[in-house]
Every structure is written in C-alpha cells, then in structure tokens.
Amino acid sequence: MTTVAPSRARRIADLVGRARELGIVVALALVIIPTAFVNPRFVEAQGIRDLLLNASVVAVLAAGQTLVVVTRNVDLSVGSTLGLSAFLTAQTFADHPDTPIVLGLLVGVGVGLVCGVVNGLLVAVGRVPSLVVTLGTLYVFRGVDFALAQGTQINASNLPDELLDLGNGRLFGVPVLVLITLAVVAAAALYLRSYRSGRDLYAIGSNPEAAVLAGIPVPRRVFTAFLLSGAVAGLAGALWVARYGTVDAAAGTGLELQVVAAVVVGGVAIFGGSGTVVGAALGALLLGTIASCLVVLRIPAFWQQAISGALLIGAITVDRLLALRLARELRGRSDHDA
Amino acid sequence: MLERFARWETALVALLVLVAVVGQIRTGGAFLDGGNLFYLGLDIGEVALIALPLTLVVVSGEIDLSVASVLGLSSAVIGELWDAGWTLEAILPTVIVLGAVCGAVNGLLVTRLGLPSLAVTIGTLALYRGLALVVLGDRAVADFPSSFTDFGTTPVPGTWLPWPILLCAVLAVAFAVILHSSSFGRSVYAIGSNEEGARFSGIRVKRVKLTLFVLTGAMSALAGIVYTFRFSSARADNGVGLELAVVAAVLLGGVSIFGGRGTLGGVLAGVLLLGGLRNVLILDDVSTEILTVVTGLLLLVSVLAPALTARVRTSSTGRRSP
C-alpha cells in the first residue's frame, strides 16, 4: 500500500495549493462586490485598469521575492533596491534625454543586478542568514540612494515623453505596465515550474541538506535567486519612474513589507519549499484591491497597514493549521495501511 | 569557546576606546564633554532599553522585529489617552501592560502555533504600526506637563547622566542577573543551543519563550514612554525603523543570530559603540544618510566577521564538522 499514501498526499497537497489560489479569488470577490455596490464605477473598465495598475509594481516585486522565499530565504532589501534603481534610471533620462527607452530600463535592471549580487554573495558565499544580510543592505542601499540624490527630486518634466507613455499608455485597452507585469510573472512562473534550476529552488527550500546530497549546487542556486530578485526589483524601479514621473530618494520606502505580505498571503510558505509565483501575484492584487476599496468606502487610509499586517499573520496561521491537519491526515492514513 | 567570546568583547571595548579617542581628536575635545555625553546617553536610551530583552530573545534562537512598532503604538496610545483626559499616572502602567499584551500576541503565535518568529514579527511590525496610525492618525500630542518630560530632557541633578540611562543601568543589572546568574537564564541558553535537548531535559521551552516575548513587548512600551517624553511629542510614527538599530546593536554585541551564544555586556558595548560612532559622525557634520550606511555596514560586518573567522578556522585546522 506504499504507493497509495504518496498519491493521496499529493492529492491533498494539490487541493491545498489550489484552494489557496481559489481562496484569494474568493477574497477578491468579497472585497470587490460590496465596494461595487457603494460605487459602481469601481468595476467599470477604468476602475479595473486602476486596480491592476496599482498592484503592478508590488506584483513584479512579489514575483522576484517568490524565487528567494521558496529557497527558505528572504530579501528585505527590495524596497531600497527599487528606490536606488528608480533614482538612477530617472537621472539617466534627465541627464541624457536621448537615451533609448530600452537602454534606460536596462540601467534600472543593471542597478538591481548589482544589488542582487551583493546580497547573493553575502548569503551564498558569506553564509550569513539572509534576514540579517538584507536588513543590513536595506539600509545601505537606501543610504547610498540618499547620498546620491542629495535631496533632489526628478520631475516628469525632466523625463522623456516616451517613458511616461510607457507608464500610462495602453495596448488594446490594457495598460502597458500591466502587460509588462504579466510578462514578468509569467516568466518567473515558467522558470520555477518547468526549468531544472527553478525546481532546484524548491528542493533547496524543502530540505537544504538533502538538496546538497542530491548534487544540487546550493550556493550557486541561492545566489541566482538573489540575483534575479535584485534584477526584478531594478526593473520595478524603472517602471516606478515610468508610472509616477516624480522620483526622490524615498521612492519605495517600506515596500518590502507589502511585498513579503503579498508573497505570504499568496501562499508561498515562509519556511520555503512551496508556493507559486501566480499565487504571490494574486496576493499582491488582493492587498492592492483592499487599499483601493478603503478609499472608495471612505475608510481612513491609516487602516491599510494594520490590515496588511493582520492578513499576513492570518495567512501564515491558516497555512500552519492546514499543514498540521494535512500531517495528521497522512499519519492517520498510513496507520490504517500499516 | 569562552576565549573567543572574551576576544570579541575585548575587540568591542578596544573599538569603543578608538572611537572615543578619534572622536576626541576630530572634534577638538567636544566628544568627551559632559554636555555631549548627556546627548549621547539620551540618543541611545531607547535602543538600550529594547536591546536588553531582545538579547534574551535572540539567545533563545528567536527574533522580534516588531519592537519599534510597539514603541510607536505605545506612544500613540499615550497621546490618545492624554487627549481623552486620563492622568499620566494611569496612562503609563496601562501602556506597559499594552506592550506586554503585544509581546504576548507575538509569543503565543510563535509558541502555540509553532510559527517562525521572523514571519510573525514582520506581520506584527506592520500590524502594530498600523494600529498606532489608526489610534492617533497623523496628529501629534505635545502638551505633556514638564514634570514628566523632564525625565527625558534633563540630567540626574549634579551629573551629566540622563534619567533614562539611570533607568537603563538599573534594568541592565536586573537583566544581567536573569541571563547570567539564574536558572531561567541558563535555560534560555539551553533552548538557543539545542531546543529539542532543552525540552528533553525538562525545560518548559514554550513558557520561557513566551515570557521573553512578553518582556520584550513591555520593555518596548517603556522605551515608547521614554521616547515620547524625550521629544515631548506623541506621534504614531515615533521610532520608525528603530528595530534595525536594536538588532544591529545586539548582533554587533556578539550574540549569535542562530541562538545559544552572547552576553549582555557585549550587547551594551555594542549599543555604546553604535551610539558613539553616530555621535562622532554627527559632531563631524557627516550627513544622516552616511549614518544609515554606516549602521547597515556595521550590522553586516558584525555577522560576516564571525562567519568568516569560523570558516578560516575550520579550513586552517583541516577539521570539518561531520
């Protein structure tokens, strides 16, 4: 009967996994429908576009963060990486207005890559816990950002129109920024789902020692995860410039909390080893939607942070209870078989 | 093992002396001036107060990132209750109890549900700060009587010692006795070194950890009171980001992030070193941005140095743990 238990385990695990994404969709409906009754414009085309736009930067960051969290690590420096990349991207455009848009975006990605390399080296080679490393680099990157900016601000008037079009334009009625977000989420999801090195990230997060014994180059894979998270945060910085047009050294301060909350609410286990990029992106959409609903329902915006925190704790609690239930279920099953 | 620790703390004290000497030279004698030491003391008061219980939490192998948010929440509640006409004699104990409740929530989530303290306290970092904003919004309450704010702005008569540092010193002795000379303290080390082993040797692991989180919450609220009186201002965003300074001080003080190792003396040296360095840089007109970078770098160095020395040690002796 040994073959039955694993297949049943997989069925239950799959159900739990799918239940999470379904759960977020239900939660989305629960917040959107009452809000739509209060203000029908909330669910018109423009309202939906705004919802997606507001969630897009966090969703991009959440896609990168997922790669790190499934390896049982965390990257708290993404908000600062975004800020540094946003400022340097904007400065590039302000100093050289003729810079092609793609090159400008690459500047952002490049800045993010450098930040990711620093984190990755410290975690993978220095063997220092990622929590501490990225808490440190959170402040270092932000400090560098402030030192470079020297209190200046770059405004939309200093930026090329093509860039701002990217942030506010549409393609077939869908905002370009949302399309870019979907592309990043799809790419990260494909990488984690179907590529060997992507699968390795799950193996590392489930059991680091076993991953080493299975011949997975653990330090290299963890380094890659931080590298990708940094690059994605860098891209998000460039998109931030395109979306908001105004950048100072404080851009994206505190964003890491929203990102970690989105990832965890989206069903990525903070112990590593499970969760999907799509779930994380849905988590970002849910948190963004709640923020928008508060505005429509005229609830003071002060509630937003408390709600994200409560959702994060609620999500890990539910995950934990489900995991305990699952473990008990499986144990009961194998006892019967034995 | 003991030798290495002695060395880490010796290095910290040497660094402290170095900072003091360099500071004294760079500022033309202004660093060790009584007036400056008073401000240095004020500046590190809250960090020191929170670092005391957090040391125990980290030694037990856990972490609490919500401390600065508890500080902010207690400050916001002080403001709101004062506005509502409560007396400070009634407000202050209430706020300490509130802090203990915040800590108990962290502790119960960690011990009863078995959740990782990192994730729990990132959540409550957002939750408690959010509640502070809900309580006080973006208002500031500033009309506290000077009989109370003097506590945060004047020295103990006849000295340059700020009142909060005197409070800290008394509590530091209490915490040092708890951690280093009581069976409770030994059980904290035992839990941090080997939780399972500790459980099998009859230590009530959950109860010890819960106690530590409650203590941390209460001390963070106390730091919130000190912070509020020091600036004579209750605001919801008081102490945003202070958790970094506290965690940096604890790790710089030689406490292992993996638990089981570290001393309170080392942590106090870490607090002084960070505060002293900040103070020298400020006297030297270095911008606050550079201060942020320096704090972050010190945090990185303090965890990287032990990790690298441990690796050099194992590779040079050729011994590897199985």
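Residue numbers (the working numbering), protein chains in the order written: chain Y, 1 to 338; chain C, 1001 to 1322.
Cβ atoms here follow ideal geometry from the backbone N, Cα and C, with glycine treated the same way.
Distance, residue j Cα to residue i Cα
i                  : j                  : result
Ser1321 of chain C : Trp240 of chain Y  : With a pLDDT of only 45 at Ser1321 of chain C, under 50, the local geometry of the prediction cannot be trusted, and no value is derived from it.
Phe268 of chain Y  : Leu1016 of chain C : Contrary to the premise, residue 268 of chain Y reads as Val rather than Phe in this sequence. For Val268 of chain Y and Leu1016 of chain C, the distance between alpha carbons rounds to 43 Å.
Asn39 of chain Y   : Val296 of chain Y  : 7 Å
Ala188 of chain Y  : Val277 of chain Y  : 7 Å
Ile32 of chain Y   : Cys293 of chain Y  : 7 Å
Ala236 of chain Y  : Ala1190 of chain C : 44 Å
Val4 of chain Y    : Ala323 of chain Y  : Note that Val4 of chain Y scores a pLDDT of 49, beneath 50, so its modelled location is shaky; the value from the coordinates is reported in the next line. Val4 of chain Y and Ala323 of chain Y: Cα-Cα distance of roughly 19 Å.
Gly1192 of chain C : Gly1061 of chain C : 5 Å
Val69 of chain Y   : Gly1085 of chain C : 47 Å
Leu1251 of chain C : Leu321 of chain Y  : 33 Å
Phe1213 of chain C : Ile1050 of chain C : 11 Å
Gly1217 of chain C : Leu88 of chain Y   : 40 Å
Ala1305 of chain C : Leu1298 of chain C : 10 Å
Gln305 of chain Y  : Leu1127 of chain C : 6 Å
Val178 of chain Y  : Leu22 of chain Y   : 22 Å
Leu1268 of chain C : Leu84 of chain Y   : 33 Å
Leu1136 of chain C : Phe146 of chain Y  : 29 Å
Ala338 of chain Y  : Ile313 of chain Y  : Unreliable positioning characterises Ala338 of chain Y in this predicted model, as indicated by a pLDDT of 44, which lies under 50. The coordinate reading is nonetheless provided below. The straight-line gap from Cα to Cα measures roughly 37 Å.
Arg243 of chain Y  : Val107 of chain Y  : 17 Å
His96 of chain Y   : Gly104 of chain Y  : 10 Å
Leu1133 of chain C : Arg1235 of chain C : 9 Å
Residues that residue i contacts on chain C, provided the C-beta gap is smaller than 7 Å
i                 : result
Arg343 of chain Y : Residue 343 of chain Y cannot be examined here, being either before or after the span of chain Y that is shown, 1 to 338.
Gln305 of chain Y : Ala1126, Arg1129, Gly1130 and Leu1133
Pro129 of chain Y : Ile1257
Neighbouring residues, chain Y, relative to residue i (Cβ below 8 Å)
i                  : result
Val1120 of chain C : Ile313 and Ile316
Ala1307 of chain C : Gly126, Arg127 and Val128
Leu1247 of chain C : Checking the displayed sequence, the identity of residue 1247 of chain C turns out to be Val instead of Leu. Val132 and Leu135, listed in chain order.
Leu1016 of chain C : None at all; the shortest Cβ gap to chain Y is about 21 Å.
Gly1137 of chain C : Pro300 and Phe302
Val1280 of chain C : By Cβ distance, chain Y contributes nothing, its closest Cβ being about 17 Å from Val1280 of chain C, past 8 Å.
Leu1109 of chain C : Ile313 and Thr317
Leu1251 of chain C : Val132
Boundaries of the alpha helix (DSSP H) in which residue i is found, first to last residue
i                  : result
Ile204 of chain Y  : Arg196 to Ser206
Arg1112 of chain C : Premise fails: Arg1112 of chain C is in no alpha helix (DSSP H) and is neither H nor E.
Leu1161 of chain C : Per DSSP, Leu1161 of chain C belongs to no alpha helix (DSSP H) and is neither H nor E.
Ser77 of chain Y   : Looking at the DSSP string, Ser77 of chain Y is not in any alpha helix (DSSP H), and its letter there is neither H nor E.
Ala1076 of chain C : Val1067 to Asp1083
Val142 of chain Y  : For the record, residue 142 of chain Y in the displayed sequence is Arg; it is not Val. Note, Arg142 of chain Y: alpha helix (DSSP H), Ser130 to Ala149.
Gly288 of chain Y  : Val277 to Val296
Phe1151 of chain C : Ser1146 to Thr1153
Ala236 of chain Y  : Val218 to Tyr244
Asp98 of chain Y   : Here Asp98 of chain Y belongs to no alpha helix (DSSP H), and DSSP marks it neither H nor E.
Arg1199 of chain C : Glu1195 to Phe1200
Arg1278 of chain C : Leu1264 to Leu1283
Thr1211 of chain C : Val1205 to Arg1230
Leu53 of chain Y   : Ala45 to Val69
Arg1129 of chain C : Ser1117 to Leu1136
Glu1062 of chain C : Looking at the DSSP string, Glu1062 of chain C is not in any alpha helix (DSSP H), and its letter there is neither H nor E.
Gly167 of chain Y  : Asp161 to Asn168
Gln258 of chain Y  : Leu255 to Val265
Partner residues on chain Y for residue i, Cβ-Cβ distance less than 7 Å
i                  : result
Leu1113 of chain C : Thr317 and Arg320
Chain B contact residues for residue i, given Cβ-Cβ distances below 7 Å
i                  : result
Glu1289 of chain C : Checking the listed chains, one finds no chain B in this structure; the protein chains it contains are Y and C.
Within chain C, the residues that residue i reaches when beta carbons sit closer than 9 Å
i                 : result
Ala27 of chain Y  : In chain order: nothing, as chain C lies at least about 17 Å away.
Ala261 of chain Y : Ile1122, Gly1123 and Ala1126
Leu53 of chain Y  : Near Leu53 of chain Y there are no residues of chain C at all, since even the closest Cβ is about 23 Å away, more than 9 Å.
Val264 of chain Y : Ala1119, Ile1122 and Gly1123
Interface residues of chain C facing residue i [CB-CB closer than 8 Å]
i                 : result
Gly309 of chain Y : Gly1123, Thr1124, Leu1125, Ala1126, Leu1127, Tyr1128, Arg1129 and Gly1130
Thr137 of chain Y : Gly1296 and Leu1300
Leu257 of chain Y : Ile1122, Leu1125 and Ala1126
Leu122 of chain Y : Leu1300 and Leu1304
Those residues which DSSP pairs with residue i across a bridge
i                  : result
Leu1042 of chain C : DSSP, once it has assigned bridges, lists no residue as partnering Leu1042 of chain C.
Gly1235 of chain C : The question names Gly, but residue 1235 of chain C is Arg in the sequence shown. DSSP, once it has assigned bridges, lists C:Ala1140 as partnering Arg1235 of chain C.
Leu171 of chain Y  : Y:Val174
9 Å Cβ cut-off: residues of chain Y touching residue i
i                  : result
Leu1244 of chain C : Leu135, Gly136, Leu138 and Tyr139
Pro1162 of chain C : Going along chain Y, no residue has its Cβ under 9 Å from Pro1162 of chain C, so there is no contact; the nearest lies around 26 Å.
Pro1116 of chain C : Ile270, Phe271 and Ile316
Proximity test, residue i beta-carbon vs the ligand GTP heavy atom, cut-off 8 Å
i                  : result
Ala1084 of chain C : In the structure shown, the ligand GTP is absent, as is every other ligand, since no ligand is present at all.
Hey, is the region 198–217 of chain Y in contact with the region 36–46 of chain Y, meaning 3+ C-beta pairs nearer than 8 Å? The count of Cβ pairs closer than 8 Å, one atom from the region 198–217 of chain Y and one from the region 36–46 of chain Y, stays below three, leaving the stretches out of contact.
Check whether the region 85–101 of chain Y and the region 287–305 of chain Y touch, using three or more Cβ-Cβ pairs below 8 Å as the test. Taking 8 Å as the limit for Cβ pairs, the verdict is that the region 287–305 of chain Y does not touch the region 85–101 of chain Y.
Are at least three pairs of beta-carbons, each pair with one atom in the region 1071–1082 of chain C and one in the region 1235–1250 of chain C, less than 8 Å apart? Result yes; three or more Cβ-Cβ pairs closer than 8 Å.
Count the CB pairs spanning the region 1114–1133 of chain C and the region 245–265 of chain Y that are closer than 8 Å, and state whether there are at least three. By the Cβ criterion, the region 1114–1133 of chain C is in contact with the region 245–265 of chain Y, since at least three pairs of Cβ atoms, one from each stretch, lie closer than 8 Å.
Touching or not, the region 1256–1274 of chain C and the region 1098–1109 of chain C, by the rule of three or more beta carbon pairs under 8 Å? No: the two stretches stay apart, fewer than three of their Cβ pairs being nearer than 8 Å.
Tell me whether the region 115–131 of chain Y and the region 1268–1284 of chain C touch, counting them as touching only if at least three CB pairs, one residue from each stretch, are closer than 8 Å. They do not touch, by the three-pair rule.
Does the count of Cβ pairs from the region 1202–1211 of chain C and the region 1028–1041 of chain C closer than 8 Å reach three? The region 1202–1211 of chain C is not in contact with the region 1028–1041 of chain C.
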